[in-house]
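Worksheet: the structure to be examined is printed underneath.
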Amino acid sequence: MMRFSTPLSKDLRMKHKRRSARPVKGDGVKIVRGGFKGIEGKVTRVDAEIGKVFVEGVTREKIVGGKVRPIPIDSSKVMITSLNLEDKLRKKKLEVE
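This is the structure we're talking about:
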């Protein structure tokens with residue numbers, strides 16, 4: 004499993020006094036680099052083995068068969084705009100540090 008994190012937006016940096024956090028399902032993110040720059044959505048899946056996140060609404064249609072597939076985005080290319088604090092351990096960790 005790979006260690007990776009995602010930068011926080013400026014207001015979240017001020018609030019939690021951290022520059023980055025590990026993305027989890029349900030976080031609100033904005034894509035800041037690449038072909039999908041500017042798109043905002045929620046994280047639908049995190050692939051820890053390759054360090055990628057899947058964002059709601061970022062898909063590509065396959066030419067053969069016409070199936071719609073989600074596109075993995077590198078975690079460093081997105082910025083967390085809202086945190087999913089349902090996990091008590093994550094909430095505690097963000098408040099302590």
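Sequential numbering from 4 applies to the sequence shown in this note's numbering.
Note that beta-carbon positions come from the ideal geometry of N, C-alpha and C, so glycine has one too.
Just so we're clear, the structure is a prediction, and the values are computed from it rather than from any experiment.
Where residue i falls: helix, strand or coil (DSSP)
i   : result
K45 : strand
L11 : strand
K91 : helix
K20 : coil
K40 : coil
Candidates the options: closest to residue i by CA position
i    : options            : result
T141 : R36, V67, I76      : Here the chain comprises residues numbered 4 to 100, so residue 141 is not present and cannot be evaluated.
K55  : S79, S23, E89, L86 : S79
I83  : I66, V27, E64, R63 : V27
P73  : E52, V81, E59      : E59
V32  : S23, E43, R6       : E43
K45  : R16, V81, I66, E98 : V81
Delimiting residues of the beta strand (DSSP E) encompassing residue i
i   : result
G29 : Note, G29: premise wrong, no beta strand (DSSP E); not H, not E.
S85 : 81-85
Residue ranges of each beta strand (DSSP E) within the region 52-76, 3 or longer: 55-64
Cβ contact check for the region 5-18 and the region 36-44: 3 or more pairs under 8 angstroms: Too few Cβ pairs lie closer than 8 angstroms, so no.
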